[in-house]
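Engineer: Dropping a structure here in structure tokens format, bear with me for questions.
2 protein chains.
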Amino acid sequence: MARAQTLSRNQQIVLDIIEKAKGPLKAYSILFNVQKKGINAPQQIYRALDKLIGMGKIHKIESKNAFVACRSSDCEISKATAFSICESCEMVDEISDTKLSKYLSGFNHKKGMKFKRFNLEFFGICKKCKKD
Amino acid sequence: MARAQTLSRNQQIVLDIIEKAKGPLKAYSILFNVQKKGINAPQQIYRALDKLIGMGKIHKIESKNAFVACRSSDCEISKATAFSICESCEMVDEISDTKLSKYLSGFNHKKGMKFKRFNLEFFGICKKCKKD
DNA sequence: TCAAATATGTTATATTATAACAAACGTTAT
DNA sequence: ATAACGTTTGTTATAATATAACATATTTGA
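If you read the sequences in order, they're chains A and B.
Just so you know, we're using the numbering used here here: the first sequence kicks off at 28 and counts up by one.
Just so you know, we're using the numbering used here here: the second sequence kicks off at 28 and counts up by one.
Take a look at the structure:
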């Protein structure tokens, strides 16, 4: 049975870094940032990332191979994730929209597949970048 | 100005393979399949893939780092893509649903970002795999 | 407390993707 | 036709992302 509440040492270290970050972090950039804490190998990062994803503490931005902290309590263990991604500054924002989430969760593919999970990524230019 | 209609030699070779495939193909598996045709290097594959994506002939399945042929004329140069992905057999189906597409195209993030493009990936177990 | 599960450390390697440069090919305008 | 331009190709090298495999340690729970 999964524990899901207490984090191991490495998991906590990795989560801390991701939560402090302003934007999505890549696995190797996390690695470089924690080498002073005694974590030396990619495996250690990827293992922590996997567990954190499993717990719903972080999400992977698939189009960027990068990781962000979960800012929403709505995405129950990451069954329904949506993000807005700025193509200019690389900013990622988690979208927490009940209507959207319900709409998509209720969407079932005609060919008879019942979905367990979805991930949605929107791309555009964010407000801040538009000004420049 | 982009030509967009005629494909170069390598682009055609790569597209043919992807179109013939039953499922998503990875870049290096494409490479191995075309070495008899004189394509030897990953660069050549990735370049063709990039162009084909730009033309809307193929899509990248981000969660799998794999590529599928576009089966829908609705996703205008890949501005609005949706897929259903079987977590058991790895099958990928492009979802062509006008309502869904309109709903998502009209969705604008509250924080003032106007979206240019989205990609949606649904995960589950397909009909065929459920039977087994 | 002992067994099982989970987490760690480590080395090596697999997989995915891009950089950089030189040469060939195809348009198109003159 | 040919010069100029953009696009495509071929090629070598390397960067970036991710997993395999194995030994050990730590935590948890019956």
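Heads up, the beta-carbon is just placed ideally off N, CA and C, and yes, glycines get one too.
Taking the continuous beta strand (DSSP E) assigned at Ser111/B, which residues delimit it?
Structural biologist: The residue labelled residue 111/B in the question sits at position 84 within the second sequence. Run containing Ser111/B: Ala107 to Cys113, per the beta strand (DSSP E) assignment.
Engineer: Counting only Cβ-Cβ distances shorter than 7 Å, please list the residues of the stretch 118 to 148 of chain B near chain A, keeping chain order.
Structural biologist: Here the close residues are Asp120, Ile122, Leu127, Tyr130, Phe134, His136, Lys138, Gly139, Met140, Lys141, Phe142, Lys143, Arg144, Phe145, Asn146, Leu147 and Glu148.
Engineer: In the DSSP output, what is Met140/A paired with across the bridge?
Structural biologist: Counting from 1 along the first sequence, the entry for residue 140/A is found at position 113. Answer is His136/A, bridged to Met140/A.
Engineer: Note down the Cα distance separating Arg36/A from Lys53/A, rounded to an integer number of angstroms.
Structural biologist: Counting from 1 along the first sequence, the entry for residue 36/A is found at position 9. Counting from 1 along the first sequence, the entry for residue 53/A is found at position 26. Near 20 Å, if we compare the C-alpha coordinates of Lys53/A and Arg36/A.
Engineer: Give the residues of chain B in contact with Tyr150/A, contact being defined as C-beta atoms less than 9 Å apart.
Structural biologist: The count along the first sequence starts at 1 and reaches residue 150/A at position 123. Checking the sequence, you will find Phe at residue 150/A rather than Tyr. Near Phe150/A (Cβ distances below 9 Å), the residues of chain B are Phe142, Lys143, Arg144, Phe145 and Asn146.
Engineer: Can you give me the C-alpha to C-alpha distance between Ser90/A and Lys64/B, rounded to a whole angstrom?
Structural biologist: Looking up residue 90/A in the first sequence gives position 63. Looking up residue 64/B in the second sequence gives position 37. If I take the Cα positions, the gap works out to 31 Å.
Engineer: From Leu131/B to Asn67/A, what does the alpha carbon distance come to, in whole angstroms?
Structural biologist: On the second sequence, position 104 is the one that residue 131/B refers to. On the first sequence, position 40 is the one that residue 67/A refers to. For Leu131/B and Asn67/A, the distance between alpha carbons rounds to 42 Å.
Engineer: If you compare alpha carbons, which of Cys156/B, Leu42/B and Lys154/B is closest to Cys97/B?
Structural biologist: For the purposes of this step, residue 97/B is taken as residue 70 along the second sequence, with counting starting at 1. Taking only the C-alpha atoms, the option nearest Cys97/B is Leu42/B.
Engineer: Do the stretch 141 to 149 of chain B and the stretch 139 to 149 of chain A meet, that is, are 3 or more Cβ pairs less than 8 Å apart?
Structural biologist: Cβ pair count under 8 Å is three or more, so yes.
Engineer: Taking Lys154/A as the query, report the chain B residues whose CB atoms sit under 7 Å from its CB, ordered along the chain.
Structural biologist: Walking along the first sequence from the start, residue 154/A turns up at place 127. Chain B residues near Lys154/A: Lys138, Gly139 and Met140.
Engineer: Taking Asp120/B as the reference, give the member of Asn60/B, Ile40/B and Val95/B with the closest Cα.
Structural biologist: For this step, residue 120/B is matched to residue 93 along the second sequence. Comparing Cα positions, the closest option is Val95/B.
Engineer: Can you find the residues in the same chain that come closer than 7 Å, C-beta to C-beta, to Gln38/A, ignoring five residues on each side of it along the sequence?
Structural biologist: Translated into positions along the first sequence, residue 38/A becomes position 11. Excluding positions up to five away in sequence, the list reads Ala75, Lys78 and Leu79.
Engineer: Hey, Glu114/A and Ile152/A: beta-carbon distance below 9 Å or not?
Structural biologist: Within the first sequence, numbered from 1, the residue matching residue 114/A stands at position 87. Within the first sequence, numbered from 1, the residue matching residue 152/A stands at position 125. Yes, these two residues count as a Cβ contact at 9 Å.
Engineer: If you draw a straight line from the C-alpha of Thr125/A to the C-alpha of Asp159/A, how long is it?
Structural biologist: Position 98 of the first sequence, counted from the first residue, corresponds to residue 125/A. Position 132 of the first sequence, counted from the first residue, corresponds to residue 159/A. So the two alpha carbons sit approximately 32 Å from each other.
Engineer: Quick one: is Ser99/A near chain B, going by C-beta distance under 9 Å?
Structural biologist: To locate residue 99/A, count along the first sequence from 1; it is residue 72. So no, Ser99/A is outside the interface.
Engineer: Taking only the alpha-carbon atoms, compute the straight-line gap between His136/A and Ser111/A and give it to the nearest angstrom.
Structural biologist: Taking the first sequence and counting its residues from 1, the one referred to as residue 136/A is at position 109. Taking the first sequence and counting its residues from 1, the one referred to as residue 111/A is at position 84. For His136/A and Ser111/A, the distance between alpha carbons rounds to 24 Å.
Engineer: In terms of residues, what are the limits of the alpha helix (DSSP H) holding Lys78/A?
Structural biologist: As a first step, residue 78/A is located in the first sequence; it is residue number 51 there, counting from the start. Per DSSP, Lys78/A belongs to the alpha helix (DSSP H) from Pro69 to Met82.
Engineer: Just how far apart, CA to CA, sit Phe134/B and Thr108/A?
Structural biologist: For this step, residue 134/B is matched to residue 107 along the second sequence. For this step, residue 108/A is matched to residue 81 along the first sequence. Those two C-alpha atoms are separated by around 15 Å.
Engineer: Name the residues in the stretch 75 to 92 of chain A whose C-beta lies less than 7 Å from a C-beta of chain B; which are they?
Structural biologist: So the list reads Glu89 and Ser90, given in the order they occur along the chain.
Engineer: How would you write the range of the beta strand (DSSP E) that Ile85/A sits in, first residue to last?
Structural biologist: For the purposes of this step, residue 85/A is taken as the residue at position 58 of the first sequence. Element bounds for Ile85/A: Ile85 to Ile88.
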